[in-house]
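The structure appears right after this line, and notes come after that.
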Ligand code: CAA
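Residue numbers (the working numbering): 1 to 294.
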């Protein structure tokens with residue numbers, strides 16, 4: 001049976017994007033946040049994205065209303081009691097995730113698959129707070145979810161192969177290219193991306209070049225859509241810092257160690273675009289201004 005009833009936990013940047021692509025693929029979606037204003041904010045960002053697609057002519061107005069009708073917001077975890085799969089995109093902290101899964105496990109029927117959008121926390125560790133490690137997988141999307149074409153599907157040593165294939169089919173139905181991977185912190189993308197981003201900060205710290213010159217080098221020299229420091233601002237410095245800590249803890253390798261400048265910026269609250277300041281100042285969001293951090 002295909003997975004039709006989808007729950008999405010968390011309606012921030014990632015959760016709202018996941019809920020949107022799930023509803024666009026025809027699934028019936030309930031998205032949950034911890035407070036009514038957060039539910040409202042998440043649903044509004046989805047509505048804005050859909051309206052933009054209609055304006056561009058990539059979505060029919062009638063389809064927009066059908067997609068919206070398939071999306072329901074809630075603050076009540078109990079509303080996940082009839083879901084075929086719950087995709088979790090809550091805060092990237094293990095204690096919060098474990099508490100969430102332990103509560104969810106008591107609400108959902110036996111057949112419900114649990115999928116975490118974590119970028120680095122071991123899937124196996126979250127699965128231990130449930131009675132269903134065989135029905136637990138990772139489904140890692142990329143920001144902005146409606147645009148980025150990839151999803152990593154992660155199995156643990158305990159995942160039932162049939163559950164894994166069901167998740168692969170769902171990722172494909174969402175319009176994504178699926179890559180299959182195992183439960184190692186960072187999976188494929190962040191294993192390669194995080195050391196690269198951290199090296200860009202080290203290069204800045206060592207005075208190799210300015211913020212703009214480091215970004216332009218990778219944009220124009222390697223054809224990347226964003227330079228590494230712009231991408232750090234986009235992903236969030238705090239998020240990248242937490243990911244690097246988890247990956248360093250897993251592998252004990254220097255390439256995953258956070259450079260002091262990154263830590264200082266996170267301590268100062270300069271977390272990137274969402275904070276209005278990171279490697280760039282976003283006072284005028286249309287014209288980010290590179291900062292001199294050397
Ligand atoms: N939500 C939905 N759609 C969005 C969007 C958003 N937040 N931001 C941009 N778009 C859409 C635009 O509407 C536009 O759509 P059309 O092609 O239909 O017109 C398209 O994306 C391109 O946008 P723009 O023309 O405004 O800007 P751009 O060409 O500079 O592209 C970008 C923006 C897609 C973000 C591009 O810069 C890019 O690909 N950047 C790299 C992003 C990246 O690497 N993401 C992965 C981060 S790592 C991660 O997420 C995982 C982790 O664990 C940390």
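We put the beta carbon where it would ideally sit given N, CA and C, even for glycine.
With respect to 7 Å, is the separation between the Cβ of residue i and the closest non-hydrogen atom of the ligand CAA below this value?
i, result
"residue 156", "no"
"residue 68", "no"
"residue 98", "no"
"residue 58", "yes"
"residue 193", "yes"
"residue 298", "The shown model of the chain, from 1 to 294, leaves out residue 298, and the question about it has no answer."
"residue 185", "no"
"residue 226", "yes"
"residue 35", "no"
"residue 144", "yes"
"residue 94", "no"
"residue 71", "no"
"residue 239", "yes"
"residue 271", "no"
"residue 244", "no"
"residue 190", "yes"
"residue 49", "yes"
"residue 262", "no"
Mind checking residue i: buried by the 16 CB within 10 Å criterion, or exposed?
i, result
"residue 51", "exposed"
"residue 108", "buried"
"residue 84", "buried"
"residue 97", "buried"
"residue 22", "buried"
"residue 111", "exposed"
"residue 119", "buried"
"residue 167", "buried"
"residue 36", "exposed"
"residue 26", "exposed"
"residue 284", "exposed"
"residue 260", "exposed"
"residue 20", "buried"
"residue 155", "buried"
"residue 128", "exposed"
"residue 73", "buried"
Cα separation between residue i and residue j?
i, j, result
"residue 99", "residue 67", "31 Å"
"residue 126", "residue 184", "13 Å"
"residue 321", "residue 228", "Since the displayed the chain opens at 1 and closes at 294, residue 321 lies outside it and no answer follows."
"residue 157", "residue 293", "44 Å"
"residue 141", "residue 188", "12 Å"
"residue 219", "residue 178", "26 Å"
"residue 246", "residue 94", "10 Å"
"residue 124", "residue 280", "37 Å"
"residue 77", "residue 212", "45 Å"
"residue 290", "residue 240", "19 Å"
"residue 7", "residue 181", "23 Å"
"residue 196", "residue 62", "43 Å"
"residue 92", "residue 242", "8 Å"
"residue 116", "residue 248", "20 Å"
"residue 267", "residue 276", "15 Å"
"residue 132", "residue 29", "22 Å"
"residue 86", "residue 176", "18 Å"
"residue 105", "residue 230", "39 Å"
"residue 16", "residue 88", "11 Å"
"residue 70", "residue 130", "28 Å"
"residue 48", "residue 252", "42 Å"
Taking 7 Å as the cut-off, is the C-beta of residue i nearer than that to any heavy atom in the ligand ZN?
i, result
"residue 256", "This structure simply doesn't include the ligand ZN; it includes the ligand CAA instead."
Determine contact between the stretch 36-44 and the stretch 1-11, defined as no fewer than three beta-carbon pairs at a distance below 8 Å. yes
Give, in chain order, every unbroken run of the alpha helix (DSSP H) that is at least 4 residues long and sits entirely within the stretch 108-136. 123-127
Is it true that the stretch 234-251 meets the stretch 263-280, where meeting means three or more beta-carbon pairs spaced less than 8 Å apart? yes
In the stretch 170-258, which residue ranges form an unbroken alpha helix (DSSP H) of at least 4 residues, counting only runs that do not cross its ends? 189-205, 211-222, 228-235, 237-251
With contact counted as at least three CB pairs below 8 Å, one residue from each stretch, are the stretch 199-210 and the stretch 51-65 in contact? no
Where are the beta strand (DSSP E) runs, 3 residues long or more, that stay fully inside the stretch 16-93, in chain order? 28-32, 71-74, 85-88
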